[in-house]
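J.: Protein chains in written order, with the working numbering: chain E, 1 to 116; chain Z, 1 to 113.
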Amino acid sequence: QQQVKQSPQSLIVQKGGISIINCAYENTAFDYFPWYQQFPGKGPALLIAIRPDVSEKKEGRFTISFNKSAKQFSLHIMDSQPGDSATYFCAASMDAGGTSYGKLTFGQGTILTVHP
Amino acid sequence: NAGVTQTPKFRILKIGQSMTLQCTQDMNHNYMYWYRQDPGMGLKLIYYSVGAGITDKGEVPNGYNVSRSTTEDFPLRLELAAPSQTSVYFCASRLRLVSYEQYFGPGTRLTVT
């Protein structure tokens, strides 16, 4: 019930294209859904996050789409650039009431390669 | 601010040896976490702490121990290292009630042979 399933495992996109990564969760108590970006040899860094009271959040070229009824959320990267090549992780946590202490459950990760 | 720092960056251990992975944050964050990252598996929570003197198990705590005597430091101890503990270890921290964002350190790559 704590799982977060992410797909695809790897993704190759041409420069200027749209990258789409999908995640599905089971636990309806999750109320915070972040995406982390990780470059080789570095720790993950927060890219963008969403709460379930909105269906979409956009920050620059990055958009999260959230479907509460389907228990799915996705990351869209518009106008993908070679510098976006990295591993992307979706995650989820239960933060309402502060009793889960921000513990994140991560998806398996997607290796994105953007060809120039 | 240095953020979250981890030492060492790399380490090779023999089976049965012990070691401590160090983690320090200078952001006065209440919450700290240890994750391990294995290929194709995402990050799994090992232990976490909500403040000095308070720690609890995460999803994969077996073979590890932690302590938190100060707000800044959260070391992870491996006793009797096993090949299954070969992984990349990340420490993270978060400021309670202000932001949900976790800040990650650069990681420690550990190989047990």
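Note that beta-carbon positions come from the ideal geometry of N, C-alpha and C, so glycine has one too.
(1) If we ignore side chains and look at the alpha-carbon of each, how far apart do Z:ALA82 and E:TRP35 end up?
(2) If you run the structure through DSSP and keep just helix, strand and coil, what is Z:SER67?
(3) Please report the straight-line C-alpha distance between Z:GLN102 and Z:ILE12, rounded to a whole angstrom.
(4) Would you kindly work out how many angstroms separate the C-alpha atoms of E:LEU46 and E:SER55, rounded to a whole number?
(5) In the DSSP assignment, find the beta strand (DSSP E) that holds Z:MET41 and state where it starts and stops.
(6) If you follow the beta strand (DSSP E) that E:LYS57 is part of, which residue opens it and which one closes it?
(7) Where does Z:GLN85 fall in DSSP's three states?
(8) Is there a Cβ from chain Z that is less than 8 Å from the Cβ of E:LEU104?
(9) Is E:PHE89 close to chain Z, meaning its C-beta is less than 8 Å from at least one C-beta of that chain?
T.: In this structure, then:
(1) Cα to Cα, Z:ALA82 sits roughly 31 Å from E:TRP35.
(2) The answer is coil: DSSP assigns Z:SER67 none of H, G, I, E or B.
(3) Roughly 28 Å between the two C-alpha positions.
(4) Using only the alpha carbons, I get a separation of about 19 Å.
(5) Boundaries for Z:MET41: no beta strand (DSSP E) harbours it, and the DSSP string shows neither H nor E there.
(6) First-last of the beta strand (DSSP E) with E:LYS57: 56-59.
(7) In the structure shown, Z:GLN85 sits in a helix (DSSP, three-state: H, G or I).
(8) Taking 8 Å as the CB threshold, E:LEU104 lines the interface with chain Z.
(9) By this cut-off, E:PHE89 is an interface position.
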